[in-house]
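> Protein chains in written order, with UniProt numbering: chain A, 1 to 389; chain B, 1 to 389.
Note that beta-carbon positions come from the ideal geometry of N, C-alpha and C, so glycine has one too.
Let me give you the structure first, and then I'll get to my questions.
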């Protein structure tokens with residue numbers, strides 16, 4: 001397994017402590033990153049309902065999923081066979097039967113239904129229909145939304161987690177080098193992306209890569225005005241920019257990085273914006289230390305960039321780490337005004353003050369760890385506009 | 001855009017016809033494949049709430065999403081600027097504000113709230129919390145679950161859609177050749193996966209590849225008893241099998257394919273099972289024709305395989321085509337007993353009768369189109385157990 005039995009035991013203990021504090025007796029965990037965090041479960045099976053059940057009354061979590069994934073649960077988790085439940089394929093993508101019917105049945109069977117049940121209500125993998133079924137099937141349950149219970153726990157990384165994120169950082173440096181090497185006028189975008197993916201997976205000699213939670217994003221030309229476009233099979237064109245927002249992952253722990261490259265002689269507005277963004281990133285990083293708030297990091301960025309004409313409405317970063325598609329963010333802390341979350345050693349962020357104008361944009365980002373007295377970059381890399389003459 | 005204006009207009013018209021038939025006045029579309037199908041919208045932004053609104057009273061759909069994705073909507077859809085609405089980042093990953101608060105506001109502003117509203121209740125990207133917010137904010141709305149309204153429309157492909165799936169089929173053949181070429185004892189699994197991804201994206205000289213909705217799945221050794229495991233950085237080992245379940249995609253239209261490879265001299269049980277599965281696949285394909293039911297295809301498979309000792313409880317295939325992570329399946333028809341959906345020309349399926357035993361397994365699959373008088377394979381490829389001596 002990816003972590004020691006002791007580390008999994010500690011995660012479970014801390015989860016139960018929080019459950020007690022919040023008056024939750026049974027926790028239903030649908031988020032694949034939270035499932036992995038608690039039990040090690042790992043497989044691309046989250047496209048059907050599956051969950052971990054943590055109950056104060058039970059020493060061990062339960063795994064409930066689809067029949068064909070049962071061996072996957074045995075292979076990747078420490079969960080005892082007696083606590084693994086699998087539903088028949090009859091429940092899969094059916095008009096009248098839903099896997100939550102089965103889940104309700106197991107909860108009743110284990111006498112966990114007449115309880116205060118905490119749920120991850122904003123999880124991608126727990127649908128509105130699933131909740132309706134569960135509510136109908138468990139009339140005695142008292143449901144409470146605890147969306148950030150485990151993802152909050154995840155925000156401070158253990159030494160082993162940080163080690164994996166540093167390994168992802170080493171892979172990320174290689175990935176960005178490969179990407180910058182292959183983005184050239186005349187090269188098809190899809191061919192460059194092929195090289196990017198290859199570098200993400202090959203990793204280093206010591207560490208192979210895993211699939212990041214988001215595909216490579218590389219808007220080009222006018223598309224650089226928008227962050228989330230992917231690629232086409234058209235060739236790159238001279239006198240256009242390309243924004244690369246990529247990540248590397250190690251056991252689903254991420255290190256993202258964004259850089260901007262211009263093919264030709266860049267317009268002054270882009271050169272200037274890149275310099276201001278780089279200065280803003282530096283100012284934000286210098287403000288990082290235990291005790292600082294998320295909004296203070298944003299304020300440090302703003303104090304340097306706003307006077308020079310770069311004003312950004314959206315957040316400039318977010319906590320990240322362990323995750324599965326569709327997002328590597330943890331959905332907890334954001335670097336923005338109003339977020340008074342306090343930084344602690346071991347927290348990890350993606351600082352990405354993307355600037356998107358009407359028909360152009362620039363991104364230069366850093367992934368960092370909060371240390372005892374400041375920050376550590378996960379993947380040091382030149383913080384500038386790259387130019388292909 | 002990927003399709004002609006006429007094709008998008010036809011999709012919208014057919015959607016509205018179904019809405020009328022089902023008594024739905026306003027349809028909220030959260031599924032990224034459905035959003036793409038209706039408007040062309042394409043971007044990796046589905047990790048935050050976003051949707052298309054189709055109203056009988058409105059000639060054009062509305063796009064509602066996050067502020068930083070507004071330019072992406074302008075770039076990739078035909079939706080008029082006056083029908084594009086973007087919410088501020090203040091709503092993103094916040095404890096008390098939710099993007100659905102904004103969506104409700106727009107629906108009220110456009111006077112679409114006092115209506116019978118159809119919702120995709122089992123979509124990954126419409127959460128239980130999102131539904132709670134919507135219900136609270138729109139007390140006059142009458143909500144109905146119409147999970148399969150648009151995905152049902154999507155099941156019969158147009159000539160242009162089939163063309164993209166055939167292109168994906170051509171890419172898929174190359175991908176599988178590359179995969180089989182790189183799976184060798186001593187090669188790290190992650191390195192082989194790097195080559196697979198590279199081939200998926202490079203595609204052919206004429207057609208570049210897009211990201212498939214699922215990462216390469218390649219369980220090895222004991223892991224072949226489970227379908228959804230991915231890779232490690234360990235090298236492949238002699239006298240072990242590896243199951244490859246991969247896909248190629250073109251504009252998010254898929255052609256999946258599974259094959260099994262053995263490194264060494266394969267055990268008789270695996271050789272036998274592979275032959276029976278291949279025969280069962282052939283029998284199932286021969287049963288494919290317009291008018292046949294999904295369950296009849298499964299029965300044809302079973303009639304050939306069960307007498308020879310291969311019994312499979314889970315479905316042997318499903319409709320597929322256009323999709324985004326986490327699944328390339330359409331979640332409509334399944335090839336299994338009880339599914340009496342009738343095959344029509346232009347429907348596309350992944351026939352994948354995976355066999356997973358206690359500590360081994362085998363997969364040999366085919367992606368096919370239902371034609372006027374039978375079937376067409378999207379990616380013809382030797383249907384056998386591959387052996388690396």
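Go ahead and label residue 224 (chain A) buried or exposed: buried means 16 or more other beta carbons lie within 10 angstroms of its beta carbon, across all protein chains shown.
Taking the first residue of the first chain as 1, we reach residue 224 (chain A) at position 224. It is buried - the Cβ of residue 224 (chain A) has at least 16 other Cβ atoms within 10 Å.
> So what's residue 256 (chain A) in DSSP terms, helix, strand or just coil?
As a first step, residue 256 (chain A) must be located in the first chain, where it is residue number 256. Reduced to three states, the DSSP call for residue 256 (chain A) is strand.
> By a C-beta neighbour count over all protein chains shown, 10 Å radius and 16 as the cutoff for buried, is residue 80 (chain A) buried or exposed?
Locating residue 80 (chain A) in the first chain gives position 80, counting from the first residue. Burial call: exposed.
> For residue 267 (chain A) and residue 359 (chain A), what's the separation of their Cα atoms in angstroms?
As a position in the first chain, residue 267 (chain A) is number 267, starting the count at 1. As a position in the first chain, residue 359 (chain A) is number 359, starting the count at 1. Between residue 267 (chain A) and residue 359 (chain A), the C-alpha separation is close to 13 Å.
> Closer than 8 Å is the cut-off here; do at least three beta carbon pairs connect the region 97 to 104 of chain A with the region 130 to 140 of chain A?
The region 97 to 104 of chain A vs the region 130 to 140 of chain A: in contact.
> CA-CA distance, residue 180 (chain B) and residue 384 (chain B)?
To locate residue 180 (chain B), count along the second chain from 1; it is residue 180. To locate residue 384 (chain B), count along the second chain from 1; it is residue 384. Approximately 12 Å between the Cα atoms of the pair.
> Which chain B residues sit within Cβ distance under 7 Å of residue 71 (chain A)?
Indexing the first chain from 1 puts residue 71 (chain A) at position 71. By Cβ distance, chain B contributes 225, 226, 356.
> Looking at chain A, is there any beta carbon in it that lies within less than 7 Å of the beta carbon of residue 126 (chain B)?
The count along the second chain starts at 1 and reaches residue 126 (chain B) at position 126. Yes - at least one Cβ of chain A is within 7 Å of the one on residue 126 (chain B).
> Taking 7 Å as the cut-off, decide whether the C-beta atoms of residue 147 (chain B) and residue 122 (chain B) are in contact.
Here the question's residue 147 (chain B) lines up with position 147 in the second chain. Here the question's residue 122 (chain B) lines up with position 122 in the second chain. A contact, by the Cβ cut-off of 7 Å.
> Give me the subset of the region 87 to 106 of chain B whose CB atoms are less than 9 Å from a CB atom of chain A, sorted by chain position.
Answer in chain order: 88, 89, 90, 92, 93, 94, 95, 98.
> Whether or not the region 192 to 202 of chain A and the region 179 to 198 of chain B are in contact is what I'm after, with contact meaning three or more pairs of Cβ atoms, one per stretch, closer than 8 Å; do they touch?
Yes: at least three Cβ pairs fall under 8 Å.
> What are the start and end residues of the alpha helix (DSSP H) that includes residue 157 (chain B)?
For this step, residue 157 (chain B) is matched to residue 157 along the second chain. Where residue 157 (chain B) is concerned, there is no enclosing alpha helix (DSSP H), given that its DSSP letter is neither H nor E.
> Looking at the secondary structure, which residues open and close the beta strand (DSSP E) in which residue 145 (chain A) lies?
Taking the first residue of the first chain as position 1, residue 145 (chain A) is located at position 145. Per DSSP, residue 145 (chain A) belongs to the beta strand (DSSP E) from 142 to 145.
> Please state whether the Cβ-Cβ distance between residue 363 (chain B) and residue 260 (chain B) is less than 7 Å.
Within the second chain, the letter at position 363 stands for residue 363 (chain B). Within the second chain, the letter at position 260 stands for residue 260 (chain B). Taking 7 Å as the Cβ cut-off, residue 363 (chain B) and residue 260 (chain B) qualify as a contacting pair.
> Taking the alpha-carbon positions, what's the residue 214 (chain B) to residue 376 (chain A) distance?
One-based indexing of the second chain puts residue 214 (chain B) at position 214. One-based indexing of the first chain puts residue 376 (chain A) at position 376. In a straight line, the C-alpha of residue 214 (chain B) is about 33 Å away from that of residue 376 (chain A).
> Would you kindly work out how many angstroms separate the C-alpha atoms of residue 339 (chain B) and residue 332 (chain B), rounded to a whole number?
Position 339 of the second chain, counting from 1, holds the residue named residue 339 (chain B). Position 332 of the second chain, counting from 1, holds the residue named residue 332 (chain B). So the two alpha carbons sit approximately 10 Å from each other.
> Given residue 337 (chain A), which residues of its chain have a CB within under 8 Å of its CB, disregarding the five upstream and five downstream residues?
Here the question's residue 337 (chain A) lines up with position 337 in the first chain. Result list for residue 337 (chain A): 295, 298, 299, in chain order.
> Is the beta carbon of residue 255 (chain A) closer than 7 Å to that of residue 158 (chain A)?
On the first chain, residue 158 (chain A) is found 158 positions in, with the first residue counted as 1. On the first chain, residue 255 (chain A) is found 255 positions in, with the first residue counted as 1. It is not a contact, given that the beta carbons lie outside the stated cut-off.
> With a 10 Å radius around its C-beta and 16 neighbouring C-beta atoms as the bar for buried, classify residue 208 (chain B) as buried or exposed.
Along the second chain, read from residue 1 onward, the residue named residue 208 (chain B) stands at position 208. With 16 or more other Cβ atoms within 10 Å, it is buried.
> Just the chain A side, please: which residues come within less than 7 Å of residue 190 (chain B) by C-beta, in chain order?
Here residue 190 (chain B) is taken as the residue at index 190 of the second chain, counted from 1. Chain A residues near residue 190 (chain B): 201, 202, 203, 208, 209.
> What residues in its chain sit with their C-beta under 7 Å from that of residue 271 (chain A), if we drop five residues either side in the sequence?
The residue given as residue 271 (chain A) occupies position 271 in the first chain. Within the same chain, residue 271 (chain A) has close Cβ partners 385.
> Let me confirm a value: residue 140 (chain A) is counted as buried when at least 16 other C-beta atoms fall within 10 Å, else exposed. Which label applies?
Indexing the first chain from 1 puts residue 140 (chain A) at position 140. With fewer than 16 other Cβ atoms within 10 Å, it is exposed.
> Got a sec, what are the start and stop residues for the alpha helix (DSSP H) residue 360 (chain B) sits in?
Taking the first residue of the second chain as 1, we reach residue 360 (chain B) at position 360. It is not in any alpha helix (DSSP H) - residue 360 (chain B) carries neither H nor E in the DSSP assignment.
> Which chain B residues sit within Cβ distance under 7 Å of residue 215 (chain A)?
Numbered from its first residue, the first chain carries residue 215 (chain A) at position 215. Ordered by position in chain B, the residues that pass the 7 Å Cβ test against residue 215 (chain A) are 44, 211.
> Pick out whichever of B:211, B:183, B:238 has its Cα sitting closest to the Cα of residue 231 (chain B).
The count along the second chain starts at 1 and reaches residue 231 (chain B) at position 231. Of the candidates B:211, B:183, B:238, the one whose C-alpha sits nearest the C-alpha of residue 231 (chain B) is B:183.
> Residue ranges of each alpha helix (DSSP H) run of no fewer than 4 residues wholly in the region 191 to 255 of chain B, ordered along the chain?
Taking only runs of at least 4 residues, no alpha helix (DSSP H) segment lies wholly in the region 191 to 255 of chain B.
> Which residues, in order along the region 156 to 169 of chain A, keep a beta-carbon less than 7 Å from a beta-carbon of chain B?
Residues: none.
> Starting from the N-terminal side, write out each stretch of the alpha helix (DSSP H) that is 4 residues or longer and does not extend beyond the UniProt domain "Creatinase N-terminal" (11 to 156) of chain A.
The UniProt domain "Creatinase N-terminal" (11 to 156) of chain A contains these whole alpha helix (DSSP H) runs: 32 to 39, 70 to 76, 99 to 109, 128 to 137, 149 to 154.
> Exposed or buried, residue 245 (chain A), counting other C-beta atoms within 10 Å across all chains shown (16 or more means buried)?
As a position in the first chain, residue 245 (chain A) is number 245, starting the count at 1. Under this definition residue 245 (chain A) is a buried residue.
> What residues of chain B sit near residue 334 (chain A), judged by a beta carbon separation below 9 Å?
In the first chain, counting from the first residue as 1, residue 334 (chain A) sits at position 334. Chain B residues near residue 334 (chain A): 89, 92, 93, 94.
> Spell out a yes or no on whether the region 237 to 251 of chain B and the region 74 to 94 of chain A are touching, meaning 3 or more CB-CB pairs, one atom from each, closer than 8 Å.
Output reads no: the region 74 to 94 of chain A does not touch the region 237 to 251 of chain B.
> Do you know how far the Cα of residue 302 (chain B) is from the Cα of residue 328 (chain A)?
Numbered from 1 along the first chain, position 328 holds the residue referred to as residue 328 (chain A). Numbered from 1 along the second chain, position 302 holds the residue referred to as residue 302 (chain B). For residue 328 (chain A) and residue 302 (chain B), the distance between alpha carbons rounds to 42 Å.
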